[in-house]
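Here is the structure we will look at, set down as structure tokens.
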Amino acid sequence: FYDIIRQTNISNQIVNVWLIGMILYFAYEMLYYIYTIKTMKRGISLSETIWQRVLNEVQKELNINKEISLYGKISIAQPCTIGILKHYILIPSLLVNQLNETEMKAILRHECMHMKRNDVPLKAVMQVLSCLNWFNPLFSILRNSLYDWIEVGCDEELTEKFTKEEKKTYIKVLLKLMEEKQKMKGFKFAAGFGERKSTLNRRIKYIMNNNNKRNNLGKVVVTAFLLFTVPVSSV
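So for the sequence shown, this note's numbering puts the first residue at 123; every next one is plus one.
Following this line, the structure appears as structure tokens:
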């Protein structure tokens, strides 16, 4: 078999196909990221609204000193956080004037917790790894699973000291936002409230049950699978 490969030079062809695929994937991701940032700045600035006041309170509460810009965006269905050097929180334009202050605080707490946990850089790293593993369906499954656990972990850390009533309020906000799910495409380099129904069901269960052990087990399993899958599949 080795002789056949050597004679047909198939290994070089495989490497060339992988390299071309990686370059195209990376170029697409970078163009999409640049497009996202440019279109985001055409949105509605929320710096002079009640959203900014609530954000200032949340930043003080979570001890976050980063400069964060708030924008209302028509082309998104879920609140999300984007940006690695500069930080932005995007709110769907339809929700800007539909939420009360309690709901605003729940959303902004969640997004600020993503920043505090550095989830946005983590998702960016996963997208870069996706470029290297564009051919591997197992990596795609793994990436989506990790994104789910990012949301679960964010909820867990945020609601750790919540009362039962505060948790119920938080879940109501999740359900309200889920009404807009999958109407529009989400940003790949962003961390937000999540989009999949299965993820939402898992998050609600963990929020109400304080199921920290299972959450940690999930993180360990995903991390172990990552360490095994990436080098083996690449070879």
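By construction, the Cβ of each residue, glycine as well, lies at the ideal position given by its N, Cα and C atoms. Quantities reported herein were computed from a predicted structural model and do not represent experimental measurements.
Asked: DSSP three-state assignment for S191, whether helix, strand or coil; Found: strand
Asked: P243 in three-state terms, based on DSSP; Found: helix
Asked: For L177 and I190, believed in contact at Cβ under 8 angstroms, the rounded distance; Found: 6 angstroms
Asked: Proximity of L168 and G205 at Cβ, strictly below 8 angstroms; Found: no
Asked: Range of the contiguous alpha helix (DSSP H) that encloses P259; Found: 259–280
Asked: Beta-carbon gap between K245 and I186 smaller than 8 angstroms; Found: no
Asked: Length-filtered (3 minimum) beta strand (DSSP E) runs lying within the region 153–230; Found: 190–195, 202–204, 209–214
Asked: Rounded C-alpha distance that separates I362 from Y269; Found: The question about residue 362 has no answer, for the chain in this structure spans 123 to 357.
Asked: Segment contact flag, the region 151–168 with the region 266–280, C-beta cutoff 8 angstroms, min 3 pairs; Found: no
Asked: Nearest residue (CA-CA) to I198, options V137, V218, H209; Found: V218
Asked: N323, DSSP secondary structure in three states; Found: helix
Asked: Coarse secondary structure for N138, derived from DSSP in three states; Found: helix
Asked: Straight-line gap, W256 to E223 (C-alpha atoms, nearest Å); Found: 42 angstroms
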